[in-house]
Structure formats: C-alpha cells, structure tokens
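2 protein chains.
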Amino acid sequence: MHLVPPDRANRRSIDGHRVCEAIAAIGDADRVRTWAGRFSLLADANRLALLFALHRTGPLAVSDLAIATGMNDPAVSQALRLLRAAGVVERHKEGRVARYRVVDEDIRRLLEHCAADTG
Amino acid sequence: MHLVPPDRANRRSIDGHRVCEAIAAIGDADRVRTWAGRFSLLADANRLALLFALHRTGPLAVSDLAIATGMNDPAVSQALRLLRAAGVVERHKEGRVARYRVVDEDIRRLLEHCAADTG
DNA sequence: TGCATACCTGCGTGGTTGTGCAGCTATGCA
DNA sequence: TGCATAGCTGCACAACCACGCAGGTATGCA
Chain A
501 MHLVPPDRAN
511 RRSIDGHRVC
521 EAIAAIGDAD
531 RVRTWAGRFS
541 LLADANRLAL
551 LFALHRTGPL
561 AVSDLAIATG
571 MNDPAVSQAL
581 RLLRAAGVVE
591 RHKEGRVARY
601 RVVDEDIRRL
611 LEHCAADTG
Chain B
501 MHLVPPDRAN
511 RRSIDGHRVC
521 EAIAAIGDAD
531 RVRTWAGRFS
541 LLADANRLAL
551 LFALHRTGPL
561 AVSDLAIATG
571 MNDPAVSQAL
581 RLLRAAGVVE
591 RHKEGRVARY
601 RVVDEDIRRL
611 LEHCAADTG
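Chains A and B, in that order, give the protein sequences. With my numbering applied, the first sequence covers 501 to 619. With my numbering applied, the second sequence covers 501 to 619.
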C-alpha cells in the first residue's frame, strides 16, 4: 500500500501505515467534494427548513413557504433558485403559482436521516 | 391546526392547510439550527476528508493527516480546532504527538451514511 | 545546552454567501 | 385597460470563513 502521492512522499510520518489507511478511507477526491457540496446545501437553517417542509408536505408555493418559515419572499425565491440550480428541487408553474418539490434522492435520504432522529 | 404565528397570520396563503403541515414538518427551530450546524461542519471538503480518515482509521496525528489530505499543518490544525470546539473530535496528547478521534455520535452516523453510499 | 520535531496561534487576505431593498415581469380578474 | 397578486432579479452591504505565512510553544534527543 503505497498510496502517498509522490509530492508528499518525502514527509516524515508518525504512524506510517495509518497514513495509507487514511488515504484509502478518504477515497476519491471528487466523492468527497460531492458530499461536501451536498452538506453545504443543507448547512443553512432557512434552506434546511424549506427542504424539511417540501420533503414532508410535497409541492408548496413560494409564498406559503415564506409564511411557514417566516422568511420574506425574495429570500425564499433565491434559496429555491440555488437549490434548483443544484438539481435538488424542481419547479412546476401553474398560472402564476410556482410549486416546488424535492427531486434529489441523495438529499431525500439525508432529510430522512434527520427526520429519523427526532420524529 | 392553527400553527401560523400571529405576526404572519394575516398573509394570504395559496394552500392554507399545507402551510400548517409545512410548519409541523419544520418542527422546532432549534432542531433545524442544530442540524444545519452539523451539516455546516461537513460542508468543507478538507474537513470532511479529515473526518473520513479519522472515522475509519481511528486516532491519527496532525502531520499524518496533513500527508494524507495534502493540506499543510496549520490548515489541519485549524480545522481540528474548529471541530474540537464543536465537540466533534477529541485530542489525546502523547509527548509531542497529538492524536485526534471522532467522538460525536451524530456526526459518526452521518459519516456512515456517506460510507454506505460508495463503499 | 543546543537543535530538530510536532503542533499551535495571530494576522492579513481573498473569496464566498446570506440578506434586505427596490424594482421588474407575468398572470388573473373586473 | 387598470389593478392586485405571485414570483423573480440586481445591487450593495456585511459577515463569515478557509487559507497561507510567519512566528511561537513544547517535547525529545544528543
């Protein structure tokens, strides 16, 4: 197991074998970035509240989300735009009402993970 | 179910009943903030890589973590200080070597959740 | 005592992000 | 045509954060 990249192979290590284990545990850098990106989307209390509501209640309109969370409309709109750009939610327009729902399965699982914690 | 706080009870809603469902789904604001805080800790790729390594490999020294992740020592040290302040990791000093391990059970479960995804 | 190692800290910086405000578009109704 | 509603966008501001660099503390060895 010589997993240490050549550019840092000359550094002295404390527990040599564990470094390779650690590198194996970290795995692919893209995978780490992907997960960090997902967590980043959930790292804001307002966005998370929106996702909790959308996940358990189904399609919801922007102004209803604003009432439920106490945010004002532009803030909700911008948060949803960000989530939509990330592919987490989808928008369905009916007349002048836009309803959003969660479509990302990985995010759904994380939201379920939260829900399992405290009802 | 009149869960809408009085300060926003006068706003017009699209799907009135769903607003209450949404508020119920969001639940306690402190719970949402707590989860958002956890996700925030995992939202950085470097910190997440450190946690992956610590979670699967066990106690690791700072310089070994630096080699494994490609970060330099101060960056590792600062990331671990942040995680320690949040109660996620603990430090055990042996001579001049400081080894860290993950002690927060909620974070461990989230890390397991990630590991279950792609080996 | 001198020196190298392991780790920590302070400082300054650049980048990112959440927010409020104001204003815009588009739909529906009278 | 006029007006209210639902939603979106741009801009400016402030706050935060991760990072690199330089320097400091503490341990262990010769």
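Ideal Cβ positions, reconstructed from N, Cα and C, are used throughout, including at glycine. Computed from a prediction, not measured in an experiment: that's the story for all the values here.
Expected contact under 8 Å - CB spacing of residue i and residue j to nearest Å
i: B/L468; j: A/V588; result: Any property of residue 468 of chain B remains undetermined from this structure, which presents chain B solely from 501 to 619.
i: A/S540; j: B/D564; result: No, A/S540 and B/D564 are not in contact; Cβ-Cβ is about 27 Å, not under 8 Å.
i: A/A598; j: A/V562; result: 6 Å
i: B/L611; j: B/L560; result: Actually they do not touch by this definition, with Cβ atoms about 14 Å apart.
i: A/L542; j: B/A525; result: The pair is not a contact, with the Cβ atoms about 15 Å apart (cut-off 8 Å).
i: A/I523; j: B/A568; result: 5 Å
i: A/H613; j: B/H613; result: 6 Å
Own chain residues within Cβ distance below 6 Å of residue i, not counting five before or after
i: B/I607; result: V588
i: A/H592; result: R599
i: B/R511; result: none
Nonlocal neighbours in the same chain, by C-beta distance under 8 Å from residue i, ignoring five residues either side
i: A/V603; result: G587, V588, V589 and E590
i: A/A579; result: D544, N546, R547, L550 and M571
i: B/A566; result: N572, D573, A575 and V576
i: B/R538; result: D606, I607 and L610
Cross-strand partners of residue i (DSSP beta bridge)
i: B/V602; result: B/V589
Cβ-based neighbour list, residue i, same chain, cut-off 7 Å, excluding 5 preceding and 5 following
i: B/D530; result: none
i: B/E605; result: none
So, does the stretch 518-530 of chain A touch the stretch 553-560 of chain A, judging by three or more C-beta pairs under 8 Å?
no
Considering only residues of the stretch 550-596 of chain A, which uninterrupted beta strand (DSSP E) runs meet the minimum length of 3 residues and lie entirely inside it, listed in chain order?
589-594
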